[in-house]
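Taking it in order: structure first as structure tokens, then the write-up.
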Amino acid sequence: MHRGVIATAVERSILLMEQIGFLREHDGRYEFHYDALNLTIRGHYAEWVLEAAAEVISQTERLQADGQIEELATLCEFGEANELELDSAKFDAKSRFEVIPQCVVTMGTLDYKWTALPGRDAETDANQPIKRIQDMSLTRNDSFLKNEDGVDPLGS
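Residues in the sequence shown are numbered consecutively from 1305, following this note's numbering.
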């Protein structure tokens, strides 16, 4: 019974997800498709294609955000928009493009924190693109609150 509830919750979660892009291999080359920009990037290696896609999408989104800010500034001059909308657009752009990108990467049962290159340079472990996050499955006490290593359930 409990398993069916979990499967149903997972299925609902998957149904609510929206695919915004995808990577596939086609004729020995990798292709990334991003329909929102009608973008297709092809290359010999997946990491090259994904890096190019990230740069193109980032620059395009930045240009769109700048355009929205300019449009709202002009509309504010003519009284068609208010300052709050303009400030909100500026805040959204700043919180997206003026911070160091960070993500959580899951590999198997482990979670890692990925930080973009400028953030890695600021940390002591500058050569690591990803850093281990406390694995809560290994924690059987409150050691994570004290910033200590978790307890190994296998006892090794």
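From the three backbone atoms N, C-alpha and C, an ideal C-beta is built for every residue, glycine too.
Selection from the options that minimises the alpha carbon distance to residue i
i     : options                       : result
E1402 : R1346, L1343 and Q1363        : Q1363
V1360 : Y1338, Q1323, S1392 and I1404 : Y1338
A1369 : S1399, L1414, A1358 and W1352 : S1399
Q1323 : A1340, C1380, A1350 and E1374 : A1340
Q1372 : M1321, E1389 and A1350        : E1389
A1377 : L1343, E1329 and S1392        : S1392
M1334 : A1356, T1413, E1381 and E1375 : In the sequence as displayed, the identity of residue 1334 is Tyr instead of Met. Nearest C-alpha to Y1334: A1356.
E1351 : D1331, E1381 and L1327        : L1327
Nearest-angstrom Cα separation, counted from residue j out to residue i
i     : j     : result
D1439 : L1421 : Low confidence applies here, because D1439 scores a pLDDT of 48, under 50, leaving its location unreliable and the question unanswered by this model.
I1404 : K1394 : 17 Å
Y1416 : L1379 : 44 Å
L1354 : H1348 : 11 Å
A1397 : W1418 : 21 Å
G1465 : F1336 : Because the chain here runs from 1305 to 1460, residue 1465 falls outside it and cannot be looked at.
E1329 : R1346 : 9 Å
L1414 : G1423 : 21 Å
L1367 : E1381 : 21 Å
E1365 : D1331 : 30 Å
L1343 : E1375 : 25 Å
L1319 : A1358 : 25 Å
N-terminal and C-terminal residue of the beta strand (DSSP E) that residue i is part of
i     : result
T1410 : Q1406 to M1411
Any C-beta of chain B under 7 Å from that of residue i
i     : result
E1387 : Of the protein chains in this structure there is only one, and it is not chain B.
query = Any chance the stretch 1385 to 1397 sits against the stretch 1405 to 1414, with 3 or more Cβ pairs inside 8 Å?
reply = As far as the Cβ criterion goes, the stretch 1385 to 1397 does not touch the stretch 1405 to 1414, which means the pair count is below three.
key: Contained alpha helix (DSSP H) runs [length at least 4] in the stretch 1318 to 1390, N- to C-terminal order   = Runs found: 1350 to 1381.
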